[in-house]
Structures are given as C-alpha cells and as structure tokens.
Amino acid sequence: MAKLIMSLDNAVIRELPLDKERVTIGRKVHNDIQIDNLAVSGEHALIVTILKDSFLEDLGSTNGTLVNGNPIKKHILQNNDVVEIGKYKLKYESESPGGQSSVADFEKTMVLRAPMGGKPPEAPGSSGDTQVRPAAPAAPKSPPPTPAPTAAPAKSTDKIAAIQILSGPSAGKELELVKNLTTLGKPGVQVAVITRRPHGYFITHVEGATLPIVNGKSLDAQAHQLNDHDVVELAGVKMEFFFKNN
Amino acid sequence: MTVTTNLGTVLEVVTATDTGMVRSHNEDSIAADAQIGLAVLADGMGGYNAGEVASGIAVAMLTTEMKQALEHGEPHEIKGVSGEPTAVALIRETSAKANAAIFQTAKSQPQYAGMGTTLVVALFYDNRMTVGHIGDSRLYRLRSETFEQVTRDHSLLQDQIDSGLISKEQARFSQNKNLVTRAVGIDPEVETEIHTYDVSPGDIYLLCSDGLSDMVVDDDIQATLVTLQSNLQLAAKQLVQQANDNGGRDNVSVILVRVLVDFAVPTGWFARFKAWFR
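Here the protein sequences come in this chain order: H and R.
Residues in the first sequence are numbered consecutively from 1, following the numbering used here.
Residues in the second sequence are numbered consecutively from 1001, following the numbering used here.
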C-alpha cells in the first residue's frame, strides 16, 4: 500500500497509509489527514487512489499545493514525490519503492471485472460507484511493478554523429543525425535510412535497385553499423559519416 | 455463383512479431491474408503458456472461419434485416466463437484456467474496412501525414482518461497500464466493439499489441511510418526494434496494411461483366 510520510522542518511526524479510495487533507476536523495550521485551508487537497495509482488534487486552497516545488491542480503521484501543504511536507512512497519484482511477470496484462453479477466486464469508473477488483482468481498474479514510466523516450546513443557530403552539387554540406531516423538519397531512385540506436548508428537500405555502398563494399539488405569516418555511397553521391566531438 | 474477390493486388501486408527483451516466450499471435483482406492480432494472457494458447485459438478461429465464410458470401453484401454488411456479422460471430472456444478450454483444462486474450481484427472490402476489437490491442491509421488511433482501448487507463481523471500525457506515467476491462475467453460472452470506416488508396493501417504502443510513443511510431513508408517490411522491423531499444518489456507485434488502389465493388452489369474477365 502506498503511504505519505509527513514531516515538518525535516522532522518526521507520522506515516499515513493511503488505505482508502479517497483521503482528504485539510484544517477542519472531518478531514482524513487533519493539519491544524492556519496556512492550510479547511478543505485543502484530496488524494484518490485507484489500484496502484494515486491522484492528488488541490481543492482550490488559498495557499495552494506544491509537488516537488511546483504548484499543481491535479497530479499523478510518483514514488518519492514531495507534496507541500503550508509548511508541511508529505513524501509519497508507492507500494513497492524500488522493490525488484520478478522481471518475467512484470506488467503482465490482466483483466479487470466488476465483482459479481455475470455481466461481461463493465467499464469501471464509467459509473461512479462501480467497484473495481482485480481479475479472475486464476489470472496471473502480478507483483507490484517497480515504479518506472513505461514509454520512456528512446534512449539513443549519446554521441551525436553527422554526415558530410563529399561529392556532387551539395559537396561540403553537413547534416547532423539527431533524429531517430534520417533518410538519405533520392526517393524513387535510391533511399537509405540511418537509425540512431542506443548502441550506435546503423544504415539500412529502404528502396531502389542498388544497395548502399560503405567503404567501397556493397551492403546486403541487413542493417549495417556505421563507424567513425565510414564513407557511404548513395545514388552516386559520396558522403562521410563521423562522430561529432562534444 | 461464387465470386471470391482477390485483394492480393489491392493490399500490401507485412507482419512482424517478437518476444521482446524481457519475456521468456511470445504470447502474441498474428495472421494476415491479403487475398481476403484480413488481418488479425491477439495478445494472450494467462500463466505458463496459457496466454499463447488463448491468442493462438483466437487467431486460428478467426482466420479459418472467416476464410470459409467468405467463400460463400461477399463481405459487402447486406445480410438479413439488420441492414449491416456481412463483414460486421462475420466479425461478431467469429469472435463470439473464439470467445466460447477459449472459455471452454480454460474451464475444462486446469492448466489453462483463467487464460484470455485481446483481439483486433480488420477486414478490408469495397473501399471500406470493418474493425473489431476487444481489449488494448490497437489499430492506427496513417493517411497522408495524419496518424490517428482508430480503436479505443478497453482498459482502466482509457476509462480514467475518458472520465477526465487523468490526461493523455499523464497516462504515460500510470502504473495501471496492464489492466484491460474486456478480454476474449474470460467470460461466457463478450461484446466485440465493431466499426466500419472508409479507406483510400495510400492509407497505411497499423495493428499492434501494447508491447509497441506502451514502449514507443505515438509520435515516434508516426515518424517511422512516414519515413519508411516506401518499404513497409523495413518499417515493421524498425517498429519492433524501437520497442526493444526502449526496453522491450512485452511481446511486440505489428501488422501493416497499405491500400494500393481503389477497390470498390463493381456495380452495374457492365462493370460486373468486366470484372468477370479481370
């Protein structure tokens, strides 16, 4: 279960488990987390927890709610986020902070179903009160996945490379290969693509009857890794591939 | 008279599937048949090898049943009183059959208990495409430079986006990505979401499992398709590679379908006559 660790002036005051779907924070006594301080609004903020996600929402408080120093209206809490309400800090720890789950079972898809009642799975959340419960008993048990944003942006190689044209009318021109994919050549005649990948740059034939030539040797249809100062020949134009020094 | 339309010259279809970098086996199943204009992709779930059994049953069932049915009827023909084209009824009936088959297998064999699968199926005919889907496997369309997600996931995350709880941008950071609200073979019955769209020559359709859409952002998928559209085979390979370069946490499967030419069903006697000799 995720929890909040409340502190004031770096002294931990208490641990607050997020054990309910809705946990309210505010100065008034009816709040789940009551903070008796004038900088805190009567109804200050709300945390809605749905399975492994906790959503923090500021309820229009006078002094606002900060997450990691930035004011927010609505925010999905990530492990180790620090929420600031008045002078109080609430550190969010998701259910398995850094816990290594078995990689093979990681993030397996599961089916969500309404608790009972025969009907095919109804969209949870579509009607406010629909209870959501994880899956059929036999569905794979998924250990709490380590918090890590999935669709991470492509981690391309750090070293930036470039192509310099050596022959033909555009001789001397330089093209930095900053995109994941850069196509070279003349559409309809001969085109190759240079892909930027975590472990380097690769050239692959895309279209045309002739295959690209690297250092005087014709490639096959497979991707070919480029090395510093390789000379590529495409549609009769020679160009040099090199890594930029910085 | 049986006229079996052959779309082999109308559609260019390529497929790619990969286990990814983390999983021990591939629970995705795919099949495509350009001749009858069919593409099917399923992402199985369940312990041990149950996932691939479920997705395998779904894909085998849909391809064989549809192929058989299409020998006796054209997908564009209006069937019965419902006013819907045969294609819609076909997708509904065959996916219901696949659901029943998986559900029964899971019930009768303990090692398969609880298995299920997502499904996305597209049938092309008469300048149209009927798409059926269940779960979070997707179909996208690239038309000139516009890249759009055509199907809407049946997932907790999509429900949260729809209800305004989180934005699409925030959704990338959700921990609840792996929860689908609908799947084939989990319940005795399942509703397939079915829609029909017009297609035009030059369109490229992408069917994929969440192993692609969770690992590669839409903008990068689009860039790859736009850049490599002259070589679909390479584009498919590149998409799989991008998912793996980003971590490859799940099986990744893609089917790409390019519409090469207009393929309206000839109407009028002369057109039919001409078609006969084609």
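Cβ coordinates follow ideal geometry from the N, Cα and C atoms, glycine included.
| query | result |
| --- | --- |
| Report back the beta-carbon spacing between D1214 (chain R) and D1250 (chain R) to the nearest angstrom; my notes put them in contact at under 8 Å. | 7 Å |
| Please classify Y1048 (chain R): is it buried, with 16 or more other beta-carbons within 10 angstroms of its beta-carbon, or exposed? | exposed |
| Compare the C-alpha of T65 (chain H) against each of H:K87, H:V48, H:N79 and name the closest. | H:K87 |
| Nearest by alpha-carbon distance to P1266 (chain R): which of R:G1211, R:A1034, R:N1127, R:A1171 is it? | R:N1127 |
| Return the CA-CA distance between P1085 (chain R) and V23 (chain H), expressed in angstroms with no decimal places. | 51 Å |
| Can you tell me which of H:L219, H:H199, H:L51, H:I160 puts its alpha carbon nearest to the alpha carbon of F243 (chain H)? | H:I160 |
| Per DSSP, what kind of secondary structure is K28 (chain H) in: helix, strand or coil? | coil |
| Decide if L226 (chain H) is buried, meaning its Cβ has at least 16 other Cβ atoms within 10 Å, or exposed. | buried |
| Whose CA, out of R:G1044, R:S1155, R:L1234, lies closest to the CA of G1056 (chain R)? | R:G1044 |
| What is the C-beta distance between T182 (chain H) and V191 (chain H), in whole angstroms, given that I count them as a contact (C-beta under 8 Å)? | Not confirmed; about 11 Å, so no contact. |
| Would the C-beta of I1091 (chain R) count as close to the ligand ATP, meaning under 8 Å from any of its heavy atoms? | With respect to the ligand ATP, the structure offers nothing, as it holds no ligand at all. |
| Kindly confirm or deny that the segment 1187 to 1203 of chain R and the segment 1094 to 1102 of chain R touch, where touching means at least three C-beta pairs closer than 8 Å. | yes |
| Just checking my contact of V1335 (chain R) with L1041 (chain R) at CB under 8 Å: how many whole Å lie between their CB atoms? | For chain R, the structure presents residues 1001 to 1278; residue 1335 (chain R) sits outside this window and is missing. |
| Output yes if chain H places a C-beta closer than 9 Å to the C-beta of D1126 (chain R); else output no. | no |
| Output the distance between the C-alpha atoms of T1130 (chain R) and I203 (chain H), rounded to the nearest integer angstrom. | 37 Å |
| Can you list, in chain order, the residues of the segment 1143 to 1157 of chain R whose Cβ is nearer than 7 Å to any Cβ on chain H? | L1156 |
| Report the neighbours of T1224 (chain R) on chain H: residues whose CB is nearer than 7 Å to its CB, in chain order. | L181 |
| Would you please state the rounded distance, in angstroms, between the beta carbons of I76 (chain H) and I1161 (chain R)? I believe it to be under 8 Å. | Not really, about 12 Å apart at Cβ, beyond 8 Å. |
| Against D58 (chain H), what residues of chain R qualify as contacts under a CB-to-CB distance less than 8 Å, listed in chain order? | What D58 (chain H) touches in chain R: nothing, since even the nearest Cβ is about 15 Å away. |
| For K965 (chain R) and I72 (chain H), what's the separation of their Cα atoms in angstroms? | Missing from the structure shown is residue 965 (chain R); chain R here goes from 1001 to 1278 and no further. |
| With DSSP collapsed to three states, give me the class of K74 (chain H). | strand |
| Decide yes or no for the touch test of the segment 1004 to 1023 of chain R against the segment 228 to 240 of chain H: beta carbon pairs closer than 8 Å, at least 3 of them. | no |
| Excluding the 5 residues preceding and the 5 following F1147 (chain R) in the sequence, name in chain order all residues of the same chain whose CB lies nearer than 6 Å to its CB. | Q1222 |
| Against chain R, with Cβ distances strictly below 9 Å, would H224 (chain H) count as a contact? | no |
| Relative to chain R, which residues along the segment 21 to 55 of chain H have a C-beta separation below 8 Å, given in chain order? | V48, I50, L51, K52, D53, F55 |
| Under 9 Å between the Cβ atoms of Q164 (chain H) and L175 (chain H)? | yes |
| Any Cβ of chain H within less than 9 Å of the Cβ of N1178 (chain R)? | yes |
| Considering only DSSP beta bridges, list what V1180 (chain R) is partnered with. | H:V111, R:S1155 |
| Is L18 (chain H) close to chain R, meaning its C-beta is less than 9 Å from at least one C-beta of that chain? | no |
| Just to check my reading of the structure: G1037 (chain R) and Y1140 (chain R) have Cβ atoms closer than 8 Å, yes? What is that Cβ distance to the nearest angstrom? | Contact flag wrong, Cβ pair sits at about 18 Å. |
| Roughly how many angstroms separate the alpha carbons of R1138 (chain R) and I50 (chain H), rounded to a whole number? | 24 Å |
| Starting from T65 (chain H), find everything on chain R with Cβ-Cβ shorter than 7 Å and list it in chain order. | Near T65 (chain H) there are no residues of chain R at all, since even the closest Cβ is about 16 Å away, more than 7 Å. |
| Got a sec? Which residues, its chain only, sit under 6 Å from I984 (chain R) by beta carbon, not counting five neighbours each side? | The shown model of chain R, from 1001 to 1278, leaves out residue 984 (chain R), and the question about it has no answer. |
| Just to confirm my understanding: we take D58 (chain H), look at its own chain, exclude 5 residues before and 5 after, and list those with CB closer than 7 Å. What are they? | A45, G64, T65, I72, K73 |
| Looking at L18 (chain H) and S54 (chain H), is the spacing between their C-beta atoms short of 9 Å? | yes |
| Look at the Cβ atom of T1118 (chain R), then the Cβ atom of T109 (chain H), and state whether they are nearer than 9 Å. | yes |
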